[in-house]
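Per full-length UniProt numbering, the very first residue in the sequence shown carries number 1; after that it's consecutive. No residue lacks a Cβ here, since even glycine has one placed at the ideal position from N, Cα and C. Being a predicted model, the structure only gives us computed values, none of them experimental.
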Amino acid sequence: MNQSVVKALNMLELFTEDVDELTLKEIAIKANLPKPTAYRLLSSLEAMGYVHKLKNSEHDSRYRLGLKLLELGQLVADQLEVRKTALPFMESLAEQINEAVHLVIVNQHEATYIEKVESNKALRLYTRIGKSSPLYIGSGPKLLLAYLPEDEQEAIVTKTNNERLAQELMLIRERGYAFSIGEQDTDTTGISYPIYDHRNQVIAALTVSGLSSYFIGENLELIKEKTLQTAMDISNKLGYRSQLRKE
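Listed below in structure tokens is the structure:
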């Protein structure tokens, strides 16, 4: 591998949702690079639009991710067939139930949110497209984990040292959907159904989430019914012809 490319990419990965700006010194320390090397790589990344330099004063310069990454990220999202297929169905579902709808996939042993449609409620849940989270937190990630090969499931269950997780994954497979309360955000509930492709393999989770106070009684049953039907419609569009299970 080209080490300069590896070093530059490692520097880009230092920026996170919580740390969106870094100084040259901070980048050099975190990347374990001499400052001149870090500066040279940052200058190249800046020239190509991958980082943006903020000069607050003569002695205070900070870097943040550039818009070129947004452009490339959108290209990746646009190339995902499941995203393009699912979006109109997600928009219809969000209109029917007035809750946030998300599309989640497995990406490098994590769950990644690749599309969302907001509700029109005044109080909305914030989920960033491209956000990744562990496969053992939340209804969408857990549903995806439940349908991974057994050896991959066991590795994650063992790593988390959570005996209840294995039982929960078994329950998800038995009933065909995942349900979570307050796992990612306090006072929120999520419900997820699998999306299958033409090979009858689960490739994504269709997730509806909102305030827990709305996910009760008849409204919960309506959300489950509409979300299941939407997951079926998307799966059929992708070439899956069997019926998804309904409890």
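Residue i, DSSP secondary structure in three states
i	result
residue 224	helix
residue 194	strand
residue 137	coil
residue 4	helix
residue 181	strand
residue 218	helix
residue 44	helix
residue 13	coil
residue 230	helix
residue 39	helix
residue 128	coil
residue 73	helix
residue 236	helix
residue 88	helix
residue 33	coil
residue 241	coil
residue 169	helix
Through-space distance from residue j to residue i, alpha-carbon basis
i	j	result
residue 143	residue 9	31 angstroms
residue 157	residue 166	7 angstroms
residue 236	residue 20	40 angstroms
residue 18	residue 242	42 angstroms
residue 164	residue 5	42 angstroms
residue 196	residue 149	15 angstroms
residue 161	residue 155	10 angstroms
residue 233	residue 121	25 angstroms
residue 1	residue 29	22 angstroms
Sheet register partners of residue i (DSSP bridge)
i	result
residue 22	63
residue 206	103 and 193
residue 188	211
residue 116	102
residue 54	62
residue 111	106 and 133
Supposed close pair residue i, residue j - CB separation, criterion 8 angstroms
i	j	result
residue 209	residue 227	Not really, about 11 angstroms apart at Cβ, beyond 8 angstroms.
residue 74	residue 137	Going by Cβ atoms, the distance from residue 74 to residue 137 rounds to 26 angstroms, so no, they are not a contact pair.
residue 230	residue 93	4 angstroms
residue 63	residue 76	That belief does not hold up - the Cβ atoms of residue 63 and residue 76 are roughly 23 angstroms apart, past 8 angstroms.
residue 192	residue 177	6 angstroms
residue 181	residue 212	6 angstroms
residue 248	residue 127	Beyond the ends of the chain as shown, which are 1 and 247, falls residue 248; an answer cannot be given.
residue 14	residue 27	6 angstroms
residue 141	residue 111	4 angstroms
residue 46	residue 53	5 angstroms
C-beta atoms of residue i and residue j nearer than 8 angstroms
i	j	result
residue 33	residue 7	yes
residue 204	residue 104	yes
residue 147	residue 200	no
residue 129	residue 80	no
residue 89	residue 139	no
residue 238	residue 82	yes
residue 222	residue 97	yes
residue 169	residue 145	yes
residue 24	residue 39	yes
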